[in-house]
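First up is the structure itself, then whatever we jot down about it.
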Amino acid sequence: MAQRFYLTTPIYYVNAEPHIGHAYTTIMSDIIARHHRQRDEEVFFLTGTDEHSSNVVRLAAEAGRTPREHADLNAERFRALGGVVEATTDFFIRTTDAEHVAAVGRVMERLRESGDVYRGTYAGWYCSSCERFYAEDELDEGRLCPIHRTPVGWLEEENWFFRLSAYRDRLLAHYDAHPEWVLPPARRNEARRMIEDGLEDLSISRAGVEWGVPVPWDPDQTVYVWVDALFNYYTALEYARPGEDLVARFWPPDLHVMAKDILKFHAVIWPALLMASGLELPRREMIHGYVLKGGEKMSKTTGNVVDPFPFITEYGIDALRYYLAREIRFGEDGTFTAEGFEARYSQELANELGNLLNRVVSMVGRYRGGTVPADAGVDGEIAAEVSAAVDATVAAYDRLDISRAIEDDWRLVQRLNRLVEQRAPWTLAKDPARAAELDQTLFSLAEGLRAVAILLWPVIPGSSERILAALGQDPAETGLARAAWGAGRPGAQVRPEGPLFPRVEEKVA
Ligand SMILES: [Zn+2]
Numbered sequence: 216m217a218q219r220f221y222l223t224t225p226i227y228y229v230n231a232e233p234h235i236g237h238a239y240t241t242i243m244s245d246i247i248a249r250h251h252r253q254r255d256e257e258v259f260f261l262t263g264t265d266e267h268s269s270n271v272v273r274l275a276a277e278a279g280r281t282p283r284e285h286a287d288l289n290a291e292r293f294r295a296l297g298g299v300v301e302a303t304t305d306f307f308i309r310t311t312d313a314e315h316v317a318a319v320g321r322v323m324e325r326l327r328e329s330g331d332v333y334r335g336t337y338a339g340w341y342c343s344s345c346e347r348f349y350a351e352d353e354l355d356e357g358r359l360c361p362i363h364r365t366p367v368g369w370l371e372e373e374n375w376f377f378r379l380s381a382y383r384d385r386l387l388a389h390y391d392a393h394p395e396w397v398l399p400p401a402r403r404n405e406a407r408r409m410i411e412d413g414l415e416d417l418s419i420s421r422a423g424v425e426w427g428v429p430v431p432w433d434p435d436q437t438v439y440v441w442v443d444a445l446f447n448y449y450t451a452l453e454y455a456r457p458g459e460d461l462v463a464r465f466w467p468p469d470l471h472v473m474a475k476d477i478l479k480f481h482a483v484i485w486p487a488l489l490m491a492s493g494l495e496l497p498r499r500e501m502i503h504g505y506v507l508k509g510g511e512k513m514s515k516t517t518g519n520v521v522d523p524f525p526f527i528t529e530y531g532i533d534a535l536r537y538y539l540a541r542e543i544r545f546g547e548d549g550t551f552t553a554e555g556f557e558a559r560y561s562q563e564l565a566n567e568l569g570n571l572l573n574r575v576v577s578m579v580g581r582y583r584g585g586t587v588p589a590d591a592g593v594d595g596e597i598a599a600e601v602s603a604a605v606d607a608t609v610a611a612y613d614r615l616d617i618s619r620a621i622e623d624d625w626r627l628v629q630r631l632n633r634l635v636e637q638r639a640p641w642t643l644a645k646d647p648a649r650a651a652e653l654d655q656t657l658f659s660l661a662e663g664l665r666a667v668a669i670l671l672w673p674v675i676p677g678s679s680e681r682i683l684a685a686l687g688q689d690p691a692e693t694g695l696a697r698a699a700w701g702a703g704r705p706g707a708q709v710r711p712e713g714p715l716f717p718r719v720e721e722k723v724a
C-alpha cells in the first residue's frame, strides 16, 4: 500500500474575514500536500471552519439570523478561499456538522474515562474573541487582551475541568523523545518551556452557552470551543468518506500546519487531550510566522490588513503562491510588500522562467520545426544538476524548508538561462557542422525545463502544467519520478503559448 500522508490546516474561525494569513496557511499546506502527492503517497488534506463560538451567536442575533444561518454564510467564504488559492483539500470540516458533534460527544466520554475530568469552579479574565482565559500577567496594560487589545471580562462559573497539570511529565518525555515534533526549534522550545513552567488545569466546558456540543453527561454544559475544535482533526476521519475507515488509515496526522498564535493549544493542550483519550499523537507540527505589513501582524482587529485578492486578480494565483512561499522563510515572520511582490513577479517569474520557456519553444520551432531533438547523451553536467535539484528538493520538503526547495529549483532555472547564453543556439544554427551540438542544446533546455516544471508544480501548479503542455508533454504527468532526466516523451512537439507571466502595467497597491 502506498505511504500515506495526513496533513491539516487549522480550522478557521468562521467570523473572521479571510485575509492573507489564512491564504498563507492554506497555500503552504497545499504546497506540501501536492509535493507528497507527487511522491505517489496517499494524501489526505483537511481544512474547515470553527463555528461554535459565542461570538457567532451574538453576531448572528445582530444580523437577524440564527447562529446556523450565520455560520452557513460565513463558512462559505472560507470554502471559497480554498478554491481561489487552488488548494487540493480532500475534505472541508465544519464543527457544526452533525457527525462532528456526535463524534465530539464520544471523544468527551473517552476523556472522562481517563479519570482526569472533574467538576470545579473557574474564575478568571476571559477574552470572548480568543475564547480563552488569560492570567493577569498575560494581559496588556488596562486589562486588554494581548491579541485583540480589547477589554477582557471577568468570568466565574462551575465547569468541567481537564487535569492538564497531571500531564506535565508525560508531555516533557514526549518532547524529549521526539525533538522535532514541533518545528521550528524556537517554537518547540517555547512550548516546552510552557510545560516545564507548570500547567494549570483546563476548563473544558461552559455553562449557559447553548451554541455548542453538549457535554454528554451534563447537557446543561457545552464543550469548550477549543476542545471541540481541536478534535476536528480526529472526527473528520470518521465521516469524511462514508463507508471508509479513514481513522485506521490516516491517524495520527503526519503534519499540522498553523500560525504561532495557536501554539499553546496545539503543542501543549492537544497532545495532553490525545494522551488522555488514548490516541496517538501527531507526528509533526509546523508553526509558521505572521505575514507582516509594516512590521505588524495583519488581522482585522489590529487593522493593517493586506488583501490578497487584488494580487490574485492582477497577477494570477500562482504568482501569489510563489511569492509567499519563496519570500517568507516557512516558520518565520515575513513582510508582504507590493513592491517586493512586483519585483519577484517581473524579475523571476516573467523574466527568468517565462522567458526561458518562450525562448526554448521558439528556438525548437525555428531550428527544428517544432520537434524536440533526441538526447545524444553528452550533457552529463546538466543531467547531473537536474538530478541534484530533485534530491535537494525532496530533502528540503522533508525539512519543511519550502523556500529553500524553491531556491534549489530556481538555480536550475538560472542554469538553463546561462546555457542558452553559453551555447548561443542562434550561432550554432548558422553552422551545419554544429547541428549535433544544436540538437543536444535544445534537448537539454527542453528536458531541463520539463524537470523544473515538475519540481515547481506544488508551488505554481497551473503554470507548471502550461509549461509541460508547451513543451509537448502531458501536463498531467507531474509525479516526481517524471522529473528524472530523459523521462520526457521523446520527439515531443512544442506548442507555442502566450506569455506564462504577462507584463502587468498597473500596480495593485
Ligand atoms: Zn483576544
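Using this note's numbering, read the sequence shown as starting at 216 and increasing by one per residue. No residue lacks a Cβ here, since even glycine has one placed at the ideal position from N, Cα and C. Note that this is a predicted model, so its numbers are computed, not measured.
Looking only at its own chain, which residues have a Cβ that is under 7 Å from the Cβ of residue i, when we skip the five neighbours before and after it?
i	result
A591	A651, D654, Q655
P523	I235, A238, L535
Y530	Y560, V719
R574	V635
E256	A217, Q218, R219, F220
Suppose the cutoff is 8 Å on Cβ atoms and the five residues either side in sequence are ignored; what does the same chain contact list for residue i look like?
i	result
I532	V299, V300, E301, G677
D287	none
L507	M513, D548, G549, T550, F551
W672	R249, Q253, S679, E680, T693
P394	R403
Y341	R347, F348, Y349, V367, G368, W369, L370
R649	L643
Once you ignore the five residues that flank residue i on each side, which residues in its own chain have a CB closer than 6 Å to its CB?
i	result
Q436	S420, A422, V430
T264	I226, Y227, V229, A290, F293, R309
K515	Confidence is the limiting factor: at K515 the pLDDT is only 45, short of 50, which leaves the residue's position unreliable, though a coordinate-based value still follows. Counting only Cβ-Cβ distances below 6 Å, and skipping sequence neighbours, we find E232.
A684	P690
A338	E371
D355	P361
Can you check whether the CB of residue j is closer than 8 Å to the CB of residue i?
i	j	result
D476	I597	no
T608	L664	no
D416	L379	yes
Y538	L494	no
I543	S618	yes
A217	F306	no
L398	G546	yes
A661	L686	yes
I247	V674	no
L414	R385	no
V605	L695	yes
Does residue i pass the burial test, meaning 16 or more other C-beta atoms within 10 Å, or should it be called exposed?
i	result
G504	buried
L387	exposed
T241	buried
P233	buried
W779	There is no way to answer for residue 779, as the model of the chain reaches only from 216 to 724.
W369	exposed
S577	exposed
W641	exposed
W432	exposed
T528	exposed
G279	exposed
Taking the alpha carbon of residue i as the reference point, which residue from the options has its own alpha carbon closest?
i	options	result
G427	V576, E554, V272	V272
R347	S418, E277, G320	S418
L445	G713, P486, L414	P486
K479	V674, R408, V462	R408
G555	R541, F545, L568	R541
E500	R385, R334, Y390	Y390
M243	T303, D646, R383	T303
V424	I484, E373, W396	E373
N570	N632, D616, A599	N632
P711	V587, R325, R456	V587
Which whole-angstrom value describes the C-beta separation of residue i and residue j, a residue pair presumed to lie in contact below a C-beta threshold of 8 Å?
i	j	result
E221	F526	Before going further, note that residue 221 is Tyr rather than Glu in the sequence given. Actually they do not touch by this definition, with Cβ atoms about 31 Å apart.
W700	V628	In fact, because the Cβ distance is near 16 Å, the residues do not count as touching under 8 Å.
A318	E453	5 Å
W375	V332	6 Å
E266	T311	5 Å
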